[in-house]
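Chemist:
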Amino acid sequence: MKTQNIPMVNLQAQYKRLEGEVSEKWKQLCRKGSFILGEEVEKFEEEFAVYCARKHAVAVSSGTSALHLALEASGVRGREVITTPFTFIATAEAVIHAGGKIKWIDIEKRTYCLDAEELEKNISPETAAVMPVQLYGCSADMDPILESSRKAGLAVIEDCAQSHGALYKGRKSGSLGDIACFSFYPGKNLGAYGDAGCVVCDSDETAQLLRRLGNHGSDKRYYHTEVGYNYRMDTLQAAVLRIKLRYLDTWNEKRRRIAGLYNERLKGLPLALPEVPEYAEHVFHQYVILADDREKLMKKLADSGIATAIHYPVALHMQPSFSDSGYSEGDFPVSEEISRRCLSLPICPELSESQVEYITGKIREFYG
Ligand SMILES: Cc1ncc(COP(=O)(O)O)c(C=O)c1O
0 MKTQNIPMVN
10 LQAQYKRLEG
20 EVSEKWKQLC
30 RKGSFILGEE
40 VEKFEEEFAV
50 YCARKHAVAV
60 SSGTSALHLA
70 LEASGVRGRE
80 VITTPFTFIA
90 TAEAVIHAGG
100 KIKWIDIEKR
110 TYCLDAEELE
120 KNISPETAAV
130 MPVQLYGCSA
140 DMDPILESSR
150 KAGLAVIEDC
160 AQSHGALYKG
170 RKSGSLGDIA
180 CFSFYPGKNL
190 GAYGDAGCVV
200 CDSDETAQLL
210 RRLGNHGSDK
220 RYYHTEVGYN
230 YRMDTLQAAV
240 LRIKLRYLDT
250 WNEKRRRIAG
260 LYNERLKGLP
270 LALPEVPEYA
280 EHVFHQYVIL
290 ADDREKLMKK
300 LADSGIATAI
310 HYPVALHMQP
320 SFSDSGYSEG
330 DFPVSEEISR
340 RCLSLPICPE
350 LSESQVEYIT
360 GKIREFYG
């Protein structure tokens, strides 16, 4: 079979289909000289709030700024925030930026998300908030997390950077805790054409605070009630997101179909395939397998023109940037094991059935 060239995500193919709509809209906005916030951002906020079954959406400049604002608005300064060390670095960085103290707990083997039993054991009077990360497109088991948090009076901030449109017991990811944060990094299930993000919540007061903090502590030009940040969303990004939001459910459905095909073709090999808990509708931001001989398999796939990635090769408590966090190797055995074995295969709505056949054919070849 001829060697193919398969990227992790194919944004060029997606752009080809959207080019007419996006360039027309961008032209209109450039002609109007409309570049920051404005009507397009407000409309996106309305539409995204409805999509997430939330009262408010506050559009911001990235997923990282969304997390920072959510933590700051939750008053975590000087107090503990419980989260997982098996996530993208931004989850933990945001806690530090908001003046909080990170308390990591291990993940569940089944979903790689925050372990609710570990949470219950680790809440203390110092704890202000818990931040479950809905990793790879699957929600953590939120009911026990919400229950323990409610009992202890903790704020629940969902990191939904990878779970746009996912469901937990029929409820939208992002609608479950007090606040939820989304990233629209270009490769996400809903991605902008640059950095962008959003915070969603139901409280009027929290939404107003988030909005002010993200715009220099101001809700009236040149009048400032808090020291804030420049975390505003660009108008051009809101325009792309409004267009793409209309396709999100169809694209997620395609991702699920691709994941199903991968599962079918990889069955029986010495690999662990993604498990979808009975409570979840997964949106497969990533399709992640566990392989003991990961590096050799990656090389075989790279030699066959297939891109792969590792999300994430080093659990955060073992990153040099957190060397003074008081944690060390061995503290979180599940996170450490998964970081040694996880391998993300290409997945995006544009990936064809024949490409999945090609990729899985090469993996089967590898295992003889
Ligand atoms: C789980 C998680 N949290 C936070 C972020 C940060 O989002 P952004 O890159 O938009 O700042 C990401 C982005 O990759 C992520 O995957």
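Position one of the sequence shown corresponds to residue 0 (numbering that gives the first Met the number 0), numbered consecutively onward.
Glycine included, C-beta positions come from ideal geometry on N, C-alpha and C.
Pop quiz: Val226 and Arg254 are said to be a contact at Cβ under 8 Å. What is the actual Cβ separation, rounded to whole angstroms?
Modeler: What you label residue 226 is simply residue 227 of the sequence shown in a count that begins at 1. What you label residue 254 is simply residue 255 of the sequence shown in a count that begins at 1. Incorrect: roughly 41 Å between the Cβ atoms, too far for contact.
Chemist: Since Arg340 and Arg293 should fall inside the 8 Å C-beta cutoff, what is the C-beta to C-beta distance between them, to a whole number of angstroms?
Modeler: By 1-based counting over the sequence shown, the position of residue 340 is 341. By 1-based counting over the sequence shown, the position of residue 293 is 294. Contact flag correct, Cβ pair sits at about 6 Å.
Chemist: Would you kindly work out how many angstroms separate the C-alpha atoms of Ile95 and Leu66, rounded to a whole number?
Modeler: Taking the sequence shown and counting its residues from 1, one reaches residue 95 at position 96. Taking the sequence shown and counting its residues from 1, one reaches residue 66 at position 67. Roughly 11 Å separates the two Cα atoms.
Chemist: Whose C-beta lies closer than 6 Å to the C-beta of Arg210 among residues of the same chain, with five residues either side of it excluded?
Modeler: Position 211 of the sequence shown, counting from 1, holds the residue named residue 210. Hits under 6 Å: Val57.
Chemist: Nearest to Lys295 by CA position, among Leu260, Leu208, Arg245 and Glu364, is which residue?
Modeler: Within the sequence shown, residue 295 is the residue found at index 296, counting from 1. When only C-alpha atoms are compared, the closest one is Glu364.
Chemist: So what does Asn229 bridge to, in DSSP terms?
Modeler: The residue labelled residue 229 in the question sits at position 230 within the sequence shown. In the DSSP output, where bridge partners are listed per residue, Asn229 has Asn214.
Chemist: May I ask you to list the residues that DSSP assigns as paired with Asp158?
Modeler: As a working mapping, residue 158 is identified with position 159 in the sequence shown. In DSSP, Asp158 forms a bridge with Val132 and Cys180.
Chemist: So Val94 is in the alpha helix (DSSP H); what residue range does that whole segment cover?
Modeler: Numbered from 1 along the sequence shown, position 95 holds the residue referred to as residue 94. From DSSP, the alpha helix (DSSP H) with Val94 extends over Ile88 to His96.
Chemist: Using only alpha-carbon positions, find the residue among Cys197, Phe47, Ile156 and Ser353 that is nearest to Val80.
Modeler: Counting from 1 along the sequence shown, the entry for residue 80 is found at position 81. Of the listed residues, the one whose Cα sits closest to Val80 is Ile156.
Chemist: Please determine, among His310, Lys299, Ser338 and Glu252, the residue with the shortest C-alpha to C-alpha distance to Leu350.
Modeler: As a first step, residue 350 is located in the sequence shown; it is residue number 351 there, counting from the start. Of His310, Lys299, Ser338 and Glu252, the residue nearest in Cα terms is Glu252.
Chemist: Measuring CA to CA, which of Ala89, Ala151 and Thr110 is closest to Glu119?
Modeler: Locating residue 119 in the sequence shown gives position 120, counting from the first residue. Residue Ala151 is the option with its Cα nearest to Glu119.
Chemist: Within its chain, find whatever has a CB closer than 7 Å to the CB of Tyr222; leave out the 5 residues flanking it on each side and keep chain order.
Modeler: As a working mapping, residue 222 is identified with position 223 in the sequence shown. Closer than 7 Å at Cβ, skipping near neighbours: no residue.
Chemist: Grouping DSSP H, G and I as helix and E and B as strand, with all else coil, what is Gly360?
Modeler: Taking the first residue of the sequence shown as position 1, residue 360 is located at position 361. Gly360: helix per DSSP, three-state reduction.
Chemist: Hey, would you say Ser64 sits closer than 8 Å to Ala154, going by beta carbons?
Modeler: Along the sequence shown, one-based indexing puts residue 64 at 65. Along the sequence shown, one-based indexing puts residue 154 at 155. For Ser64 and Ala154, no; Cβs fall outside 8 Å.
Chemist: Starting from the C-beta of Phe87, find all residues in its chain whose C-beta is less than 6 Å away, skip the five residues before and the five after it, and write them out in chain order.
Modeler: Here residue 87 corresponds to residue number 88 of the sequence shown, with the count starting at 1. Around Phe87: no qualifying Cβ.
Chemist: Less than 6 Å between C-beta atoms, sequence neighbours within five positions excluded: which residues of the same chain meet that for Ser138?
Modeler: Within the sequence shown, residue 138 is the residue found at index 139, counting from 1. Correct list, in chain order: Ala165, Tyr167, Ser172 and Ala279.
Chemist: Can you tell me whether Gly367 is buried or exposed, with buried defined as 16 or more other CB within 10 angstroms of its CB?
Modeler: Numbered from 1 along the sequence shown, position 368 holds the residue referred to as residue 367. Answer is exposed; the Cβ neighbour count stays below 16.
Chemist: Just to confirm before moving on: does the CB-CB distance between Ala160 and Ser182 stay below 8 Å?
Modeler: Along the sequence shown, read from residue 1 onward, the residue named residue 160 stands at position 161. Along the sequence shown, read from residue 1 onward, the residue named residue 182 stands at position 183. Yes.
Chemist: Could you tell me the distance, in whole angstroms, from the CA atom of Asp105 to the CA atom of Thr83?
Modeler: Translated into the one-based positions of the sequence shown, residue 105 becomes position 106. Translated into the one-based positions of the sequence shown, residue 83 becomes position 84. Distance between the alpha carbons of Asp105 and Thr83: 6 Å.
Chemist: Using only the alpha-carbon positions, how far apart do Pro345 and Ala306 sit?
Modeler: Reading the sequence shown from its first residue, position 346 is the one you call residue 345. Reading the sequence shown from its first residue, position 307 is the one you call residue 306. Their Cα atoms are separated by approximately 7 Å.
Chemist: Tell me the rounded alpha-carbon separation between Tyr311 and Arg30.
Modeler: Taking the first residue of the sequence shown as 1, we reach residue 311 at position 312. Taking the first residue of the sequence shown as 1, we reach residue 30 at position 31. Taking the straight line joining both Cα atoms gives about 42 Å.
Chemist: Is the Cβ-Cβ distance between Ala191 and Leu28 less than 8 Å?
Modeler: The residue labelled residue 191 in the question sits at position 192 within the sequence shown. The residue labelled residue 28 in the question sits at position 29 within the sequence shown. Going by C-beta atoms, Ala191 is not nearer than 8 Å to Leu28.
Chemist: What is the DSSP secondary structure of Ala139, counted as helix, strand or coil?
Modeler: Counting from 1 along the sequence shown, the entry for residue 139 is found at position 140. Coil, per DSSP.
Chemist: Nearest by alpha-carbon distance to Ala93: which of Val75, Leu17 and Ile5 is it?
Modeler: Indexing the sequence shown from 1 puts residue 93 at position 94. Of the listed residues, the one whose Cα sits closest to Ala93 is Val75.
Chemist: Do the segment 196-205 and the segment 46-61 touch if we need at least three Cβ pairs shorter than 8 Å?
Modeler: With the cut-off at 8 Å, the segment 196-205 and the segment 46-61 touch.
Chemist: Could you name the residues of the same chain whose beta carbon sits closer than 7 Å to that of Leu247, not counting the 5 residues immediately before and after it, in chain order?
Modeler: Along the sequence shown, read from residue 1 onward, the residue named residue 247 stands at position 248. Taken in chain order, the residues that qualify are His163, Gly164, Asn188 and Leu189.
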